[in-house]
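Structure, as structure tokens:
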Amino acid sequence: MKQCGTLVASVSLLIGILLMAHPSRAASASPREQLDDFFRKATTVLSEASHASQAQHEIRQLARLLFDVPGAARRVLEPEWSALSVVEREEFIRLFGDRLLGGYLSLVRGKLPRDRPPAIRLVGEEVGAGGRVALVRTMIRAKDGADVRFDYVMTKAGANWLVHDVVVDGVSLIENYRAQVAQVLRTSSYAGLVARLRSGAAAGGPSSTRQPESRTAAGRPAPYPPVQRAAPQKAETP
12 MKQCGTLVAS
22 VSLLIGILLM
32 AHPSRAASAS
42 PREQLDDFFR
52 KATTVLSEAS
62 HASQAQHEIR
72 QLARLLFDVP
82 GAARRVLEPE
92 WSALSVVERE
102 EFIRLFGDRL
112 LGGYLSLVRG
122 KLPRDRPPAI
132 RLVGEEVGAG
142 GRVALVRTMI
152 RAKDGADVRF
162 DYVMTKAGAN
172 WLVHDVVVDG
182 VSLIENYRAQ
192 VAQVLRTSSY
202 AGLVARLRSG
212 AAAGGPSSTR
222 QPESRTAAGR
232 PAPYPPVQRA
242 APQKAETP
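Here the working numbering runs 11 ahead of the position in the sequence shown, where the first position is 1.
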């Protein structure tokens, strides 16, 4: 692991922009409305699908439309991304996209109780950077009754908003994957990373991930920069 704040730089920058920028109104659907639409459609799929596998497939397709998968693939692989051919980039986007969406949905599914309808509350929205970046705060009522914070960093893409990152109780999903990809590349190679993605064993999802740890100059662990000044936590196992 690198001993600086590089693992969390992108999230820190975006959150900083959001906190300093003045709110702006969007003419199209707001980030909150777009995220709410995804949750409503996913809930409908869960209630109407005849098989669990069918529901999982349909919800993953909905998530693929919501997430900026190409952008996430590029960020987790930088700086190696620039050396890839067009064909290699397309393959990595496809393989990593499956890993990203599967990991996110497994994380959400692991929090939700199975004996009652999902309780996901949208509790806030901030739009800044000239209306190009947004932070949508949500809460999930977990199995044990506790509220788990899911914050969605979203960026404007034409008339739509795409999920740039998901921060779960202060832990960035994208930065976790970036740390894991970097570790695989240090110990193996890009070909080895792709082979692991193909086999389904690549750099795990949130279920096998610890929070990336940055350190101060003195060598002590530095806190992960949270969205709501909450103490950092590890991503729990679904």
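Ideal Cβ positions, reconstructed from N, Cα and C, are used throughout, including at glycine.
- With distances taken between CA atoms, S39 lies nearest to W172 out of A53, V134, W172.
- For G211, no alpha helix (DSSP H) segment is defined, and its DSSP state is neither H nor E.
- Note on geometry: alpha-carbon atoms of N187 and T198 lie some 17 angstroms from one another.
- By the neighbour-count criterion, in which a residue is buried when 16 or more other Cβ atoms sit within 10 angstroms of its Cβ, A157 is exposed.
- H175: member of the beta strand (DSSP E) spanning 171-179, first to last residue.
- Nearest to R120 by C-alpha distance, out of R152, E89, H62, is R152.
- One thing to note: F50 has its Cβ within 9 angstroms of the Cβ of L133.
- Secondary structure note for L146: its beta strand (DSSP E) is the uninterrupted segment 144-152.
- The C-beta separation of I70 from L118 comes to about 13 angstroms, leaving the pair out of contact by the 8 angstroms criterion.
- The residues V22, V164, S183, L184, I185, in chain order, have a CB closer than 7 angstroms to that of D176 in the same chain once the five nearest residues on each side in sequence are set aside.
- Rounded to the nearest angstrom, the Cβ distance from V144 to T166 is 6 angstroms, consistent with a contact under 8 angstroms.
- Per DSSP, reduced to three states, the secondary structure at S183 is strand.
- Under DSSP, K52 forms no beta bridge with any residue.
- Taken in chain order, the whole alpha helix (DSSP H) runs of length 4 or more contained in the stretch 92-150 are 97-122.
- Boundaries of the beta strand (DSSP E) harbouring A168: 158-168, taken from the DSSP string.
- When C-alpha distances from R85 are compared across Q72, V98, L204, I104, the shortest belongs to I104.
- Apart from sequence neighbours up to five positions away, the residues of its chain that approach V80 with a beta-carbon distance below 8 angstroms are I104, F107, G108, L111, L112, ordered along the chain.
- The alpha-carbon of G135 is positioned some 14 angstroms away from that of V178.
- Shown here for V56: same chain residues with a beta carbon closer than 8 angstroms to its own, the five before and five after excluded, namely A66, E69, I70, L73 in chain order.
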